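A quick write-up on the structure given underneath.
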Amino acid sequence: MAPDSETAEYDVVIVGGGPVGLLMAYQLRRFGVRACVVEQYEKETQDAYGRAIALFPRTTEQLDQLDLIEPMLQLGFACRTSVTYKDGERVMPGRVWTFMENIKDTTYDFVLVLRQMYTEAIFREKLESIGASYYQAIQCIDFQVDESAPLDSHAVTSVFTDKRTGRTFHLKSKYLIGADGGRSFVRGHAGIPFDGDTTEDQWIRIDGLVETDMPLNRSYGAIESQTHGNVLWAPLDYGATRIGYAYTPEIAAKYPGGVTEEVAVKEAIECMKPFKVKFKEVHWWTLYTIGQRIARGFSAKDRIFLCGDAAHTHSSGAAQGLNTGIHDAVNLGWKLALQIRGITQDSVLTTYSPERMTAVQKLIDYDRDIATLMSRKWPVWYQGDTTEDPYLMLGEIFEQAASFNTGLGISYPANVVNNQPSPMGLHVVPGARPPDVELTMPGTNQKIRFQRVTRNVGKFWVVVCTGNIESTRPMVLSLDQYIRAEVPELKDHEAVGWVTLTLSVECSPYEAIGMKPFGDTYYDPTNMAHGKFGIEADKGGILVLRPDGLLGSAGPLEGLWLKEYFSHVLKLSGKKGVNGHKA
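Take 1 as the starting number for the sequence shown in UniProt numbering and just add one per residue.
What follows is the structure in C-alpha cells.
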C-alpha cells in the first residue's frame, strides 16, 4: 500500500526492500531518524528461496550489535567444518573453505547459513516492530535534487508509481538511498557509471532436499570436478542443500533448448559423481553470468547513496554478496543518522564512499581470480604451467584471504574518523576491528563479551582501560579532571558512551579504581582485554570505538587528544567546564 497523501516527507527514502534496504531503514529508525523503504516487487512471492545464504562472523557480529541475530540463529545452520573431495576421495588438508575451521577472537566462530527469504522476513518483522514505513509494489520512476537547498532541508523529490493501482505520488526527503540491486534505477538516474565487465562464464545454483552417499554432507564442501568446475556443496537451513557448478559451453551444447529445472537437476547429479545424489524436492534454481562491477562512487550530489548490489556486483564464488551489502548498510547507517540529527561534522558522512569502495575493490580484485579458477580456468595474468591443477591456486587464494572472507580482517584507511594521535604499540589500528574479548561483570562475576558492552546504539564508545590502578591512578584522576574542565559535554553527550575496563577486581567498581568510574565498569582480571588490545598494564590507555564497533582512535590516559579527536568528529558546543575553561 502506498502513502495516503500525494506528497509525504521523510528524512531518508530507501529504494529497494531487500535485506540491505531493510537493514538500512531499521538502523535509521533505531537511531532516531524517519525512514521509508519502497520496494517494487511483492517480496512474499518474488524468489521465495535462493539468493544469498552465507553470513560470515563479522557480519554476524554486526547484526548481533543491532539486536537482530537471535531469531536468525534459531533458523540458521551453523557450519564450522569444511571438506574437499576429488575423484570421490577426501583431500587432506582440504582446500577453499577450510578458513572457517580456524576462526578466532569471536563468539561467532562459524558461518551462519540462512537463505535470504528468511533473513528478509526477520528484518521486515523487526522493521515493523519499531514503526518504520515499508511499502511494496511501488516503483521509483524519477527523482530530482535541489542542490542549492540547505543541507538539513528536504531537497530530494522522488516520484513513485503504485504498480497495483497506477497512482503516482511524490516523496520528499533529505537523502535518497539506492539499495535496488544490480540494475539499480537510482544509480542509473544519478548518472553514476558502473565500471567492470561481464565474462562468458555461467554458473548454476540449485537448492532443495537431497539424499546422498557423500560422507560429510553437512559440511561446507568443495568437489573438484574436471567437467563442472569447483562444485559448491552448501548445507542450508531446514535440512536443505545448495549445489553450485559451472555451466560450461560443453555442457550447454548438450541442451540446445536451454536450461530448465530438469537440466539443472540432471547436471547437479552429474557434477557430484562418483557420489550419488537424489533430489526429493527442488526449492529454487538459477543460471547466471559471472561478472564484476563497481560503481565509480557510492554517493552523488551529497544526497544520493548506494548500498549493496546497487553499488557493486560480483560472483557468488566467495559467498560475499550479502555480507558486503550488510557492511555497506552498517557503515552508512550511523553516519547518516548522526548527520541528520546535526551531531557530527559534515566530513564524517563523506567517509562512507571511500571506506566502502576500498573494501569492495579488494573483493572485486580477488573475486575475479576466484571465479575464473572455480570455472577451472587460469587468470589472465597467470604465466605458470597451465598443466597444473588450478584448484591448488584456488585453495591458496582462499587461505590468503581468510581474514577478509570472515570479515574480521576488513579495515579502513586513515580519515577524520580513523585517526590515531600518536603510536601506542597497539595490536589493533584505527579503522580495524578490536578482538571480542571476555570481560567480567561486577558483583556477579558473570562473563560478558566486549562487543555486548559496546553495542551499536548509534554512539561512539570511549573505553577507558585503567590498567594496574596503583600505577595509573594519577593519570585516571587527571583525565577525569580534564574532561570536567575542558569538555564536560562529552560526559553526557547523546552520541558518546563511556566504559571503564580495570584489572582490579573489588566488591564495587568505585573501590576498584578509587573514584567514580567512567560509565559502566567491567573487570579484566586475567589481563586478556588489555593484552589483546596491546595496552600496557602500568600505563593504561583509551580506545574510542566507532558506532559500528571499529576502532576510531586510541591514545594514552590523557584528555587533550580525546578532545582534539572529538572536535573533528562531533559538533561540540564549546560549553564552559567546572573551572570556567571553554571546551
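All residues carry an ideal CB built from backbone N, CA and C; glycine is no exception. Keep in mind that this is a model prediction, so the values were computed, not measured.
- For Arg95, the closest alpha carbon among the candidates Glu396, Arg242, Asp87 and Tyr247 is that of Glu396.
- Gly291 is not a Cβ neighbour of Cys307, given a cutoff of 8 Å.
- Judged by DSSP in its simplified three-state form, Phe77 adopts strand.
- Residue Glu9 holds the alpha-carbon nearest to the alpha-carbon of Arg34 among Glu9, Gly16 and Pro19.
- Relative to Gly297, the option among Ala190, Arg455, Tyr245 and Asp207 whose CA is nearest is Ala190.
- Counting along the chain, Ser403 sits inside the alpha helix (DSSP H) bounded by residues Ala402 to Thr406.
- Cβ neighbours of Ser184 within its own chain (closer than 6 Å, five residues either side excluded): Gly178 and Ala310.
- Contact fails between the stretch 59-73 and the stretch 217-235, because fewer than three Cβ pairs, one in each stretch, are under 8 Å apart.
- Per the coordinates, the alpha-carbon of Arg167 lies some 39 Å from the alpha-carbon of Glu355.
- Classified as buried, Asp201 has 16 or more neighbouring CB atoms from the shown chains inside 10 Å of its CB.
- DSSP places Gln320 in the coil class of the three-state scheme, outside both helix and strand.
- Here His530 carries a helix assignment [DSSP, helix/strand/coil].
- DSSP lists Thr7 and Val159 as the beta-bridge partner residues of His170.
- Glu536 carries a coil assignment under DSSP once its states are collapsed to helix, strand and coil.
- Non-local beta-carbon contacts of Leu373 in its own chain, meaning distances under 8 Å to residues more than five positions away in sequence, involve Asn230, Pro379, Pro390, Tyr391, Met393, Leu394 and Ile397 in chain order.
- Rounded to whole angstroms, the gap between the alpha carbons of Thr444 and Tyr522 is 11 Å.
- Rounded to the nearest angstrom, the Cβ distance from Ile364 to His312 is 7 Å, consistent with a contact under 8 Å.
- Look at Cys271 here: in three-state DSSP terms it is helix.
- Proximity of the stretch 459-474 to the stretch 506-526 meets the contact definition, three or more beta-carbon pairs being nearer than 8 Å.
- Residue state for His228 is assigned as coil, using DSSP reduced to three classes.
- Along the length of the stretch 235-314, whole alpha helix (DSSP H) runs at least 4 residues long occupy 249-252 and 261-271, reported in chain order.
- A buried status is given to Thr466, since no fewer than 16 other beta-carbon atoms sit within 10 Å of its beta-carbon.
- When only Cα atoms are considered, Leu562 and Trp233 end up about 50 Å apart.
- Counting every other CB atom within 10 Å of its CB across the protein chains shown gives Lys335 a total of 16 or more, marking it as buried.
- With a cutoff of 8 Å on beta-carbon distance, Ala554 and Leu439 are scored as not near each other.
- When C-beta atoms of the stretch 496-508 are compared with those of the stretch 467-476, three or more pairs fall below 8 Å, so the two segments count as touching.
- Lys126 is not a Cβ neighbour of Asp152, given a cutoff of 8 Å.
- Annotation: Ile69 to Gly208 spans about 25 Å, alpha carbon to alpha carbon.
- Put simply, of Lys273, Gly534, His314 and Lys278 the residue whose alpha carbon is nearest the alpha carbon of Thr198 is His314.
- Taken atom to atom, the span from the alpha-carbon of Asp302 to that of His154 is near 13 Å.
- Annotation: the continuous alpha helix (DSSP H) that includes Glu61 extends over Pro57 to Gln65.
- The criterion of a C-beta distance shorter than 8 Å is satisfied by Leu543 and Phe533.
- Under the Cβ criterion (8 Å, minimum of three pairs), the stretch 114-134 counts as touching the stretch 23-32.
- Fewer than three beta-carbon pairs drawn from the stretch 235-243 and the stretch 412-421 are found closer than 8 Å, and the two stretches are therefore not classed as touching.
- Between Ile204 and Tyr238 the beta-carbon gap is near 21 Å, outside 8 Å, which marks them as no contact.
- By the Cβ-count criterion, Ser82 is buried, with 16 or more other Cβ atoms from all chains shown falling within 10 Å of its own Cβ.
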